[in-house]
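Engineer: I am attaching a structure below and will ask some questions about it afterwards.
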Amino acid sequence: MPHTHRVWNYVVGMVGPADVRDLQTRVRSYFSALEQSVAAVKPPLPLDQSAFSGQAWVRMSERVGVFLNESVDSDWNPIAYIYAGATYERGRQIIDDLDKWRDQLATLKAPNVPAPLPVPNSDIGLAGGIGIVAAAIVVFMLLKNR
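Per my numbering, residue 12 is the first one in the sequence shown, and the count goes up by one each step.
Below, the structure is given as structure tokens:
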């Protein structure tokens, strides 16, 4: 069974609260689909300390819950962009870890294993939205002060 190979692009510019909310929505759907596969896998996940045990799934579920409950402030609050970047990175790591679960469930031939989550739009190209505008303003300010 081939493993999910995800390539994250470096984001040019800033990730904003809207990007985090979009990622949270995607993670929620992906996690929900995986949760259904975990519940239906036969035999059930082992109750030991292995990487793909019932306890490991509970820990993964808790991490996902924390990420989904993280509040990202208003798009108009400049500080929100600082927190959004860190929250977005945590979301990307969670997706990578959920991909490992997806691969394991596919290996176990669990029913209804979802397709890997597509790379979010914020990671696809150079159009970092407000980030590019912010970078342009910083460059302009630096050149103006010379």
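Where is the CB? At the ideal position from N, CA and C, for every residue including glycine.
(1) Arg-70 to Trp-87, Cα distance in whole Å?
(2) With a CB to CB cut of under 7 Å and the five nearest residues on each side skipped, what residues in its chain are close to Leu-56?
(3) For Leu-58, count neighbouring C-beta atoms within 10 Å of its own C-beta (all shown protein chains included) and say buried if the count is 16 or more, exposed if not.
(4) Which residues in the same chain as Arg-32 place their Cβ atom closer than 7 Å to its Cβ, once the five residues preceding and following it in sequence are excluded?
(5) From which residue to which residue does the alpha helix (DSSP H) around Trp-112 run?
(6) May I ask you to report which of helix, strand or coil DSSP gives Pro-55?
(7) Kindly indicate which three-state DSSP category Arg-17 falls into: helix, strand or coil?
(8) Let me know if Val-75 comes out buried or exposed under the rule of 16 or more other beta-carbons within 10 Å of its beta-carbon.
(9) Which stretch, first to last residue, makes up the alpha helix (DSSP H) that contains Gly-65?
Structural biologist: Reading off the structure:
(1) Taking the sequence shown and counting its residues from 1, one reaches residue 70 at position 59. Taking the sequence shown and counting its residues from 1, one reaches residue 87 at position 76. Each residue's alpha carbon lies about 34 Å from the other.
(2) On the sequence shown, position 45 is the one that residue 56 refers to. Excluding residues within five positions, the ones whose Cβ falls inside 7 Å are Val-49, Phe-63, Ser-64, Gly-65 and Trp-68.
(3) Start at 1 with the first residue of the sequence shown, and residue 58 comes out as number 47. It is exposed - the Cβ of Leu-58 has fewer than 16 other Cβ atoms within 10 Å.
(4) The residue labelled residue 32 in the question sits at position 21 within the sequence shown. Val-83.
(5) Position 101 of the sequence shown, counted from the start, is the residue given in the question as residue 112. Note, Trp-112: alpha helix (DSSP H), 89-118.
(6) Here residue 55 refers to the residue found at position 44 of the sequence shown. The answer is coil: DSSP assigns Pro-55 none of H, G, I, E or B.
(7) Position 6 of the sequence shown holds residue 17. Three-state result, Arg-17: coil.
(8) For the purposes of this step, residue 75 is taken as the residue at position 64 of the sequence shown. Classification of Val-75: buried, given that the 10 Å Cβ count is 16 or more.
(9) Here residue 65 refers to the residue found at position 54 of the sequence shown. Taken as a continuous stretch (DSSP letters only), the alpha helix (DSSP H) holding Gly-65 covers 65-80.
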